[in-house]
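Visitor:
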Amino acid sequence: METLVIERDGGVVTVTMNRPERKNAANARMLEELWRTFIDVERRTEDRVLVLTGAGGAFCSGADLGAAEGPAGGAGQTVHGLLRMRRLGDVALALHRLAKPTIAKVDGVAVGAGLGLALGCDLVVASDRARFSTIFSRRGLTLDNGSSWLLPRLVGMARAKELALFGDMVEAADALAIGLVNRVLPVDELDAFVAEWAGRLAAGPPLALSMTKTLLHASFSGSMEQAVESEARCQAVNYASADTAEAIAAFKEKREPRFVGR
1 METLVIERDG GVVTVTMNRP ERKNAANARM LEELWRTFID VERRTEDRVL VLTGAGGAFC
61 SGADLGAAEG PAGGAGQTVH GLLRMRRLGD VALALHRLAK PTIAKVDGVA VGAGLGLALG
121 CDLVVASDRA RFSTIFSRRG LTLDNGSSWL LPRLVGMARA KELALFGDMV EAADALAIGL
181 VNRVLPVDEL DAFVAEWAGR LAAGPPLALS MTKTLLHASF SGSMEQAVES EARCQAVNYA
241 SADTAEAIAA FKEKREPRFV GR
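Structure follows, in structure tokens:
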């Protein structure tokens, strides 16, 4: 990897975007490596949780507008630009489709495509110095990296329009107040908190957590009838699994369950 640092420990995969000299702006190489990493984590049964973060006191400052091969490299060439932007869409979809829990650990800026990466994770934990912005309108651009789908679902349509049309910077405390992030912590407590959350998820039941994500993702596009039928199917799988049998046995024996993902 040229632009990422990947560490594995106890089922937790920490992916660090590592271009600190550019505040981890995404060039073509980073997009390719992120896409391949998300696909790889999905395939590895030993990987149970993904933590996405950035190096050098920043999460991601968006697409690298100065990179010739980055998403912005097709400026002035509509068809060529569309093909490059689809690379970014592939990254957003690979993250969204990841059946395992994902946590964005955000310190510093998460703007533009970087905001999309953060919001594309299941949980967002930010330091008290984190800042968020769509930024696109200030660059003569529209939303990308899944932000047009993610924002209204997280903060509602009215707030999403405000964030998208103005592109103002949102401080961490305000991001928490409007539901953009799950937690805000002092910067020196960020690592420990995310490690604790990731550890809890890694020790959880993989099948149940995966299907829970699927149910929640489908909730905006289906009816109540479809939801309860999908719940019934998922629960039937759970009740037939070794993990649920283990959970029930652990409850009766007053111990912690040991889940294996089957």
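Here the sequence shown is numbered in the working numbering, starting from 1 and rising by one per residue.
Backbone N, C-alpha and C define an ideal beta-carbon position, used for all residues, glycine too.
Check whether the Cβ atoms of Ser241 and Leu209 lie closer than 7 Å to each other.
Guide: No, Cβ-Cβ distance for Ser241 and Leu209 is not below 7 Å.
Visitor: Using the Cα positions of Gly116 and Lys252, report the straight-line distance between them to the nearest angstrom.
Guide: Roughly 43 Å between the two C-alpha positions.
Visitor: Using only alpha-carbon positions, find the residue among Thr142, Phe166, Ser148, Leu141 that is nearest to Leu119.
Guide: Per the Cα distances, Ser148.
Visitor: Could you give the first and the last residue of the continuous alpha helix (DSSP H) run that contains Arg272?
Guide: An answer regarding residue 272 cannot be provided, because it is not within the stretch 1 to 262 covered by the chain.
Visitor: For Asn24 versus Ala58, is the C-beta distance shorter than 7 Å?
Guide: Against a cut-off of 7 Å, the Cβ pair of Ala58 and Asn24 comes out as a contact.
Visitor: What did DSSP end up calling Ile103 once you bin it into helix, strand or coil?
Guide: Ile103: strand per DSSP, three-state reduction.
Visitor: If you follow the alpha helix (DSSP H) that Arg200 is in, where does it begin and where does it stop?
Guide: Per DSSP, Arg200 belongs to the alpha helix (DSSP H) from 187-202.
Visitor: For Gly62 and Ala104, which I take to be in contact (beta-carbon distance under 8 Å), what is that distance rounded to the nearest angstrom?
Guide: Not really, about 15 Å apart at Cβ, beyond 8 Å.
Visitor: Since Val15 contacts Thr37 with CB under 8 Å, what's their CB separation in whole angstroms?
Guide: Sure, about 6 Å apart at Cβ, within 8 Å.
Visitor: Among all the DSSP beta bridges, which residues are the ones paired with Cys60?
Guide: DSSP, once it has assigned bridges, lists Ala110 as partnering Cys60.
Visitor: Have a look at Glu189, Ala94, Thr134, Leu95 and flag the residue whose alpha-carbon is nearest the alpha-carbon of Val109.
Guide: Minimum Cα distance to Val109 is reached at Thr134.
Visitor: Do the region 196-206 and the region 162-175 meet, that is, are 3 or more Cβ pairs less than 8 Å apart?
Guide: Contact between the region 196-206 and the region 162-175 is absent, because fewer than three Cβ pairs lie under 8 Å.
Visitor: Which whole-angstrom value describes the C-beta separation of Asp144 and Leu88, a residue pair presumed to lie in contact below a C-beta threshold of 8 Å?
Guide: Correct: roughly 6 Å between the Cβ atoms.
Visitor: Report the rounded CA-to-CA distance for Glu256 versus Ala249, giving the unit in angstroms.
Guide: Rounded to the nearest angstrom, the two C-alpha atoms are 10 Å apart.
Visitor: Looking at the secondary structure, which residues open and close the alpha helix (DSSP H) in which Glu162 lies?
Guide: 157-166 is the extent of the alpha helix (DSSP H) around Glu162.
Visitor: Compare the Cα-Cα distances from Asp191 to each of Val106, Leu215, Lys213 and report the closest residue.
Guide: For Asp191, the nearest C-alpha among the options comes from Val106.
Visitor: With DSSP as the reference, please indicate the residues paired to Arg183 in a beta bridge.
Guide: Val125, per the DSSP bridge assignment.
Visitor: On a CA-only basis, which of Gly11, Glu2, Met1 is nearest Ala195? Give me that one, please.
Guide: Among Gly11, Glu2, Met1, the Cα nearest to that of Ala195 is on Gly11.
Visitor: In the DSSP output, what is Arg131 paired with across the bridge?
Guide: The partner list for Arg131 (beta bridge, DSSP) reads Val109, Glu171.
Visitor: What span of residues does the beta strand (DSSP E) with Glu7 cover, start to end?
Guide: 4-9 is the extent of the beta strand (DSSP E) around Glu7.
Visitor: Is the CB-CB distance between Pro101 and Ala55 below 7 Å?
Guide: No.
Visitor: Note the first and the last residue of the continuous alpha helix (DSSP H) segment covering Met224.
Guide: Where Met224 is concerned, the enclosing alpha helix (DSSP H) stretches over 224-239.
Visitor: Within 10 Å of its beta-carbon, does Ser127 have 16 or more other beta-carbons around it, so buried, or fewer, so exposed?
Guide: The residue in question, Ser127, is buried, as its Cβ has 16 or more Cβ neighbours within 10 Å.
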